[in-house]
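Note sheet for the following structure.
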Amino acid sequence: MNKIRIDDDNLEKVNVDNSINIEYYKKEGLFSINEIKIIIVKECDLQIEINLKEEPKLNFDIKLKENVTLNLNILVRGKSGKIQYRYNLDKNSYCNVFKFQNIETISEMVIAKLEGENSKIDYNFKTICSNKETYHYNIYHNSSNTISNVKNNGVCIGKGTLTYQVSSFVPKNIRDCIVNQNNKIINLTNNKCEIRPNLYIDCNDVEASHSALIGKFTDEEMFYIQSRGIDYNSALKLLITGFLTSDINSKKILNEITKSIQKYWR
Amino acid sequence: MNTLKIDNLTVTIENKTILKNFNLIIHSGEIHVLMGPNGIGKSTLTKVIMGDTNYKITEGCIYYNDILLNSLNVDERSRLGIFLGMQLPMEIEGVSNADFLRTALSIREKENFKLFDFIKKMDETVDRLKMKKDMIHRGINQGFSGGERKKNEILQMYMLKPTMIMLDEIDSGLDVDSLKIVGEAIYDYYKSNNPGILLVTHYQRLLDYIKPTHVHIISDGKIIKTGDYTLVQEIEKNGFNALVEKNFNSTGECVIKEKINHE
Chain G
1 MNKIRIDDDN
11 LEKVNVDNSI
21 NIEYYKKEGL
31 FSINEIKIII
41 VKECDLQIEI
51 NLKEEPKLNF
61 DIKLKENVTL
71 NLNILVRGKS
81 GKIQYRYNLD
91 KNSYCNVFKF
101 QNIETISEMV
111 IAKLEGENSK
121 IDYNFKTICS
131 NKETYHYNIY
141 HNSSNTISNV
151 KNNGVCIGKG
161 TLTYQVSSFV
171 PKNIRDCIVN
181 QNNKIINLTN
191 NKCEIRPNLY
201 IDCNDVEASH
211 SALIGKFTDE
221 EMFYIQSRGI
231 DYNSALKLLI
241 TGFLTSDINS
251 KKILNEITKS
261 IQKYWR
Chain E
1001 MNTLKIDNLT
1011 VTIENKTILK
1021 NFNLIIHSGE
1031 IHVLMGPNGI
1041 GKSTLTKVIM
1051 GDTNYKITEG
1061 CIYYNDILLN
1071 SLNVDERSRL
1081 GIFLGMQLPM
1091 EIEGVSNADF
1101 LRTALSIREK
1111 ENFKLFDFIK
1121 KMDETVDRLK
1131 MKKDMIHRGI
1141 NQGFSGGERK
1151 KNEILQMYML
1161 KPTMIMLDEI
1171 DSGLDVDSLK
1181 IVGEAIYDYY
1191 KSNNPGILLV
1201 THYQRLLDYI
1211 KPTHVHIISD
1221 GKIIKTGDYT
1231 LVQEIEKNGF
1241 NALVEKNFNS
1251 TGECVIKEKI
1261 NHE
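Residue numbers (the working numbering), protein chains in the order written: chain G, 1 to 266; chain E, 1001 to 1263.
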């Protein structure tokens, strides 16, 4: 697997083969932004580990060439930062993202442009939010027969406030697209959490759905689990583990989620 | 000898009385069947015994082996040996059956929990119930049919080895073949472990495999008639209405009592 590690403004190509081209710029000045341009030219797996310390601003520009599949795992740890990810998918390309982050404060923007016909993005994101986390997603279906599946699962604890704003766009004359959004927040606090799902669809020939849920685990779920002799705290831990690990097939990310759960729910 | 004793129990939900001065004693080795029309409190009884906090006990006590259950949590009741096989088992995404049962057993058995024994027993029981192997690694009841969910309840029963078992309409959603597998599995467990059993059912068909020692008809929040297996046959033949009589008291409340045969 190809690996990149970023510690604030320092990028390290741990292991990168010729399926990926990477360019890295530091924009100095008042708004110092670190630009990371990644071009995927062949089918590959890529793991990006980001450690945030000094509140950096990071911009990722990830471009998938025609007929290319990218399995992307992203792990973000640390204190706080601002990150933007721009995905650009050419014809017949497929981007499969699994992402987990456990940080204090983050403001994040994800822009996915499905430029080529038959391009597809699956975006599976999990977080444990203990402070302030805000996520904006803009998904643009700019060609016909494109598919986007965005699934966000977050658990809010402590002082956490978590916001997902997910907007999907299908303009006129872009046909046969599939647009799905699935956003869930388990809020274990009395703090405000928000989900703003938007489907901006200007074409009749589209299959679109969204679901948004903010709440605690239900009494029925807790009763069922406890009725097998599992105490309240263990039942909660079991439900959180299930919620955060469902659909994740990356061992590295699973280990990271398990470690974080052990940290918060011993 | 294990004994479940329900003593003069009155239960309400949202100010509506569901059970009224209800009494029942179940000993190890006894199979009690609770029958009665829909919405009369049969499932409520099983949930209250298990400790569902949606229901409020306003009067009376539940004891298991002289331990008062009223103030015990659900999980504590389960660890005493009480098991409820539910009518509509929950679907829980992401928590696999294997992780669920491993957690339950490791809490119960503590340092005596042996992973190899757990896997072996689970595999044997899955085969015995003719369940698909991959079901144990799927989310709890996730994508399961009604019948598969009921088999999953019996799988959990076998793994947890309870001493007092309540099965709420375990026969609903089962096809003829699955009913035979589930019915025989329950009866085999009964023969090997001698638990007390409380079955809630509407039909005789499950009782072809599990012969009850006691049959109760519940109506108006209490048991109005108790008998043996012949009572089930009588219900199957004539229905509940032939056995109970509905009267209305001065306040318009429906009072149901056993119909007296004057012939």
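Ideal Cβ placement from N, Cα and C applies to all residues, glycine included.
Predicted model, so just to flag it, every value in this text is computed and none were measured.
- prompt: By how many angstroms is the C-alpha of G:Leu11 removed from the C-alpha of G:Ser19?
  reply: Position 19 of the first sequence, counted from the start, is the residue given in the question as residue 19 of chain G. Position 11 of the first sequence, counted from the start, is the residue given in the question as residue 11 of chain G. Roughly 18 Å separates the two Cα atoms.
task: Anything in chain E within Cβ reach of G:Phe243, meaning under 8 Å, just list it in chain order.
output: As a position in the first sequence, residue 243 of chain G is number 243, starting the count at 1. Glu1093, Gly1094, listed in chain order.
- prompt: Taking contact to mean at least 3 C-beta pairs separated by less than 8 Å, is the segment 172-188 of chain G in contact with the segment 146-155 of chain G?
  reply: yes
field: Cross-chain neighbours of E:Ala1104 in chain G, by beta carbon under 8 Å
entry: Numbered from its first residue, the second sequence carries residue 1104 of chain E at position 104. Here the neighbours are Arg228, Gly229, Ile230.
message: Residues of chain E with CB closer than 7 Å to the CB of G:Glu221, please, in chain order.
response: Counting from 1 along the first sequence, the entry for residue 221 of chain G is found at position 221. Those within 7 Å of G:Glu221 in chain E are Met1090, Ile1092.
- prompt: Which residue or residues does DSSP assign as beta-bridge partners of G:Cys44?
  reply: Translated into positions along the first sequence, residue 44 of chain G becomes position 44. Answer by DSSP bridge pairing, in chain order: G:Leu70.
- request: If I'm right that G:Leu70 touches G:Cys44 with Cβ under 8 Å, what's the distance once you round it to whole angstroms?
  value: On the first sequence, position 70 is the one that residue 70 of chain G refers to. On the first sequence, position 44 is the one that residue 44 of chain G refers to. Correct: roughly 6 Å between the Cβ atoms.
Per-residue DSSP class, three states only, for G:Arg196: Counted from its first residue, the first sequence places residue 196 of chain G at position 196. Note: G:Arg196 maps to strand in three-state DSSP.
message: Give me, in chain order, the residues of the same chain whose beta-carbon lies closer than 7 Å to that of E:Arg1138; leave out the 5 immediate sequence neighbours on both sides.
response: Residue 1138 of chain E sits at position 138 when you count from the first residue of the second sequence. Same-chain partners within the cutoff: Ser1096, Asn1097.
- prompt: For G:Ile83, which residues of its own chain have a beta-carbon under 6 Å away from its beta-carbon, when the five flanking residues on both sides are left out?
  reply: In the first sequence, counting from the first residue as 1, residue 83 of chain G sits at position 83. Answer for G:Ile83: Leu58, Glu108, listed in chain order.
Below-9 Å beta-carbon distance, E:Asp1099 vs any chain G residue: Taking the first residue of the second sequence as position 1, residue 1099 of chain E is located at position 99. Yes, contact with chain G.
message: If the criterion is Cβ atoms closer than 9 Å, does the pair E:Met1131 and E:Lys1151 meet it?
response: Stepping through the second sequence from its first residue, residue 1131 of chain E is reached at position 131. Stepping through the second sequence from its first residue, residue 1151 of chain E is reached at position 151. Yes, Cβ-Cβ distance for E:Met1131 and E:Lys1151 is below 9 Å.
task: Starting from the C-beta of G:Ile22, find all residues in its chain whose C-beta is less than 6 Å away, skip the five residues before and the five after it, and write them out in chain order.
output: In the first sequence, the residue the question calls residue 22 of chain G occupies position 22. Closer than 6 Å at Cβ, skipping near neighbours: Ile38.
query: If you compare alpha carbons, which of G:Asn190, G:Ile103, G:Val179 is closest to G:Asn198?
result: Locating residue 198 of chain G in the first sequence gives position 198, where the first residue counts as 1. When only C-alpha atoms are compared, the closest one is G:Val179.
query: Is the beta carbon of E:Gly1051 less than 9 Å from the beta carbon of E:Ser1219?
result: As a working note, residue 1051 of chain E is residue 51 in the second sequence. As a working note, residue 1219 of chain E is residue 219 in the second sequence. E:Gly1051 places its beta carbon 9 Å or farther from that of E:Ser1219.
- request: State yes or no: is the beta carbon of E:Asn1241 nearer than 9 Å to at least one beta carbon in chain G?
  value: In the second sequence, residue 1241 of chain E corresponds to position 241, counting from 1. So, not an interface residue.
- prompt: Who pairs with G:Glu35 in a beta bridge, going by DSSP?
  reply: Along the first sequence, read from residue 1 onward, the residue named residue 35 of chain G stands at position 35. Note: G:Glu35 sits in a beta bridge opposite G:Tyr25, G:Asn59.
query: Is there a Cβ from chain E that is less than 9 Å from the Cβ of G:Ile225?
result: Within the first sequence, the letter at position 225 stands for residue 225 of chain G. At least one C-beta of chain E is nearer than 9 Å to the C-beta of G:Ile225.
task: Assign E:Ala1290 to one of three DSSP states: helix, strand, or coil.
output: Shown here, chain E extends from 1001 to 1263; a query on residue 1290 of chain E therefore has no answer.
- prompt: If the cut is a Cβ gap below 8 Å, which residues of chain A does E:Ile1107 touch?
  reply: Of the protein chains in this structure, namely G and E, none is chain A.
message: Does E:Asp1075 pass the burial test, meaning 16 or more other C-beta atoms within 10 Å, or should it be called exposed?
response: Position 75 of the second sequence holds residue 1075 of chain E. Counting Cβ neighbours within 10 Å, E:Asp1075 comes out buried, since at least 16 surround it.
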